[in-house]
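**Q**
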Amino acid sequence: MHKSVLYEEALKYLNLDDSSIIIDCTLGYGGHSSGILKEIKRGFLFAFDQDAEAIEYSQERLSKIGSNFEIIKTNFINLKEELNNRDIRPDAILYDLGVSSPQLDVEERGFSFHNDAALDMRMNQDQSLSAYEVVNNYSYEALVEIFYKYGEEKYASSIAKGIIKERPIKTTLELVEVIKNNVPLKYRRDKHPARKVFQAIRIEVNNELNVFEQSLIQALDVIKIGGRICVITFHSLEDKICKRIFKEYSSVDHHLKDLPIIPDNLLPKFKVIGNFKPSKDEIEENNRARSATLRVIERIR
Ligand SMILES: C[S@@+](CC[C@H](N)C(=O)[O-])C[C@H]1O[C@@H](n2cnc3c(N)ncnc32)[C@H](O)[C@@H]1O
Numbered sequence: 286m287h288k289s290v291l292y293e294e295a296l297k298y299l300n301l302d303d304s305s306i307i308i309d310c311t312l313g314y315g316g317h318s319s320g321i322l323k324e325i326k327r328g329f330l331f332a333f334d335q336d337a338e339a340i341e342y343s344q345e346r347l348s349k350i351g352s353n354f355e356i357i358k359t360n361f362i363n364l365k366e367e368l369n370n371r372d373i374r375p376d377a378i379l380y381d382l383g384v385s386s387p388q389l390d391v392e393e394r395g396f397s398f399h400n401d402a403a404l405d406m407r408m409n410q411d412q413s414l415s416a417y418e419v420v421n422n423y424s425y426e427a428l429v430e431i432f433y434k435y436g437e438e439k440y441a442s443s444i445a446k447g448i449i450k451e452r453p454i455k456t457t458l459e460l461v462e463v464i465k466n467n468v469p470l471k472y473r474r475d476k477h478p479a480r481k482v483f484q485a486i487r488i489e490v491n492n493e494l495n496v497f498e499q500s501l502i503q504a505l506d507v508i509k510i511g512g513r514i515c516v517i518t519f520h521s522l523e524d525k526i527c528k529r530i531f532k533e534y535s536s537v538d539h540h541l542k543d544l545p546i547i548p549d550n551l552l553p554k555f556k557v558i559g560n561f562k563p564s565k566d567e568i569e570e571n572n573r574a575r576s577a578t579l580r581v582i583e584r585i586r
């Protein structure tokens with residue numbers, strides 16, 4: 286298994302101390318959480334994930350390090366509710382978005398365009414909407430919109446037409462074939478022609494962008510003064526959301542910009558610490574790191 290992308294950087298910018306209360310919104314297979322747990326001997330870690338397999342693995346992995354953690358099996362859209370139920374304001378919150386490498390590698394999950402599997406792509410195996418439903422039951426217009434909006438796929442329309450014609454499409458490789466047959470030859474030579482459509486379907490199935498935006502706003506609301514939020518994104522759509530929200534929360538309200546003096550209680554509550562890309566070495570070692578960005582914000586008042 287690869288080490289988590291931007292692992293050292295995320296741990297450093299979370300600014301943990303021995304007794305920090307920290308939320309890992311995306312536990313996965315426990316890479317970041319293990320590192321965190323080692324640093325907070327007197328603190329506590331709450332880790333969210335909705336993937337039963339990842340949770341089972343991480344429960345065991347983290348138990349070997351300490352017992353000062355709780356895994357919460359739910360979507361991180363429920364962040365604020367879960368923290369309020371426990372009466373917690375955290376010192377740090379981490380998001381490492383997207384699918385984990387093991388999710389990509391396990392063929393049956395249907396995330397990968399390299400392996401043949403049933404069309405699934407659900408991060409939460411209990412939910413009913415799957416990639417099969419999207420591919421086989423959505424209208425032509427809905428497919429085009431998803432491929433454009435969530436995949437930035439320029440051949441959205443011809444691919445959607447091809448899908449409608451070939452239905453029912455049952456497996457990932459059948460879908461890859463349909464995509465290949467509906468894009469120009471030249472496009473096939475570049476990167477994998479199914480990459481963007483698979484990303485788009487995955488975002489749709491898991492409602493990823495809405496869920497992230499709503500959760501991030503909750504995170505900004507619950508974090509303690511002096512606390513930090515670190516977000517690792519893997520594509521520009523998520524990164525744009527993070528950048529926009531961080532900018533909004535760290536800027537003076539535009540209605541107040543012309544005031545000669547801004548009262549303290551109307552100054553921004555947050556300061557952007559920065560955004561960081563993986564090193565060349567990390568990208569060479571792990572191709573997934575290529576498109577990753579880490580953004581960090583701190584609550585200052
Ligand atoms: C990139 S992996 C995290 C890897 C982890 N940081 C590590 O070091 O092993 C992302 C994880 O977040 C989970 N996830 C993604 N979106 C989620 C959501 N909305 N709610 C809860 N978990 C989510 C996925 O199931 C996956 O296990």
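Every number in this note's numbering is 285 more than the matching position in the sequence shown, counting from 1. Just so it is clear, CB atoms sit at the ideal spot from N, CA and C, and this is done for glycine as well.
Look at L501 and E294 and say whether their C-beta atoms are less than 8 Å apart.
**A** No, the pair does not count as a contact, with Cβ atoms beyond the cut-off.
**Q** Do Y435 and A479 count as a contact pair if the criterion is CB distance below 8 Å?
**A** Not a contact, by the Cβ cut-off of 8 Å.
**Q** Between which two residues does the alpha helix (DSSP H) carrying A332 extend?
**A** A332 -> not in any alpha helix (DSSP H); beta strand (DSSP E) instead, spanning 329-334.
**Q** Expressed to the nearest angstrom, what Euclidean distance is found between the alpha-carbon atoms of D401 and A441?
**A** Those two C-alpha atoms are separated by around 22 Å.
**Q** Residues in the same chain with beta-carbon distance under 8 Å from G447, minus the five sequence neighbours each way, listed in chain order, please.
**A** Result list for G447: V463, I464, N466, N467, in chain order.
**Q** Thinking A377 and L299 are a contact (beta carbons under 8 Å), I'd like their distance in whole angstroms, please.
**A** Between L299 and A377 the Cβ distance is about 4 Å, and since that is below 8 Å, they are a contact.
**Q** Using alpha carbons as the reference points, say which of V557, S535, K562, D566 lies closest to L551.
**A** For L551, the nearest C-alpha among the options comes from S535.
**Q** What I want to know is whether the C-beta of I510 ends up closer than 7 Å to one or more non-hydrogen atoms of ligand 1.
**A** No; taking the cut-off as 7 Å, the Cβ of I510 has no heavy atom of ligand 1 nearer than that.
**Q** With C-beta atoms as the reference, is I356 less than 8 Å away from S343?
**A** Yes, the pair counts as a contact, with Cβ atoms nearer than the cut-off.
**Q** Below 8 Å on the Cβ atoms is my guess for F354 versus L379; work out the distance and round it to an integer in Å.
**A** The Cβ separation is near 13 Å, so there is no contact.
**Q** With three or more beta-carbon pairs closer than 8 Å as the criterion, would you say the region 385-404 touches the region 424-435?
**A** Too few Cβ pairs lie closer than 8 Å, so no.
**Q** Please report how far the alpha carbon of I526 lies from the alpha carbon of T518, in whole angstroms.
**A** Roughly 10 Å separates the two Cα atoms.
**Q** Does the distance from the C-beta atom of D309 to that of L330 stay below 8 Å?
**A** Yes, these two residues count as a Cβ contact at 8 Å.
**Q** Quick one: using the 10 Å Cβ neighbour count with 16 as the cut-off for buried, is D372 buried or exposed?
**A** D372 should be labelled exposed.
**Q** Residue range of the beta strand (DSSP E) that Y380 falls in?
**A** Here the beta strand (DSSP E) through Y380 covers 377-381.
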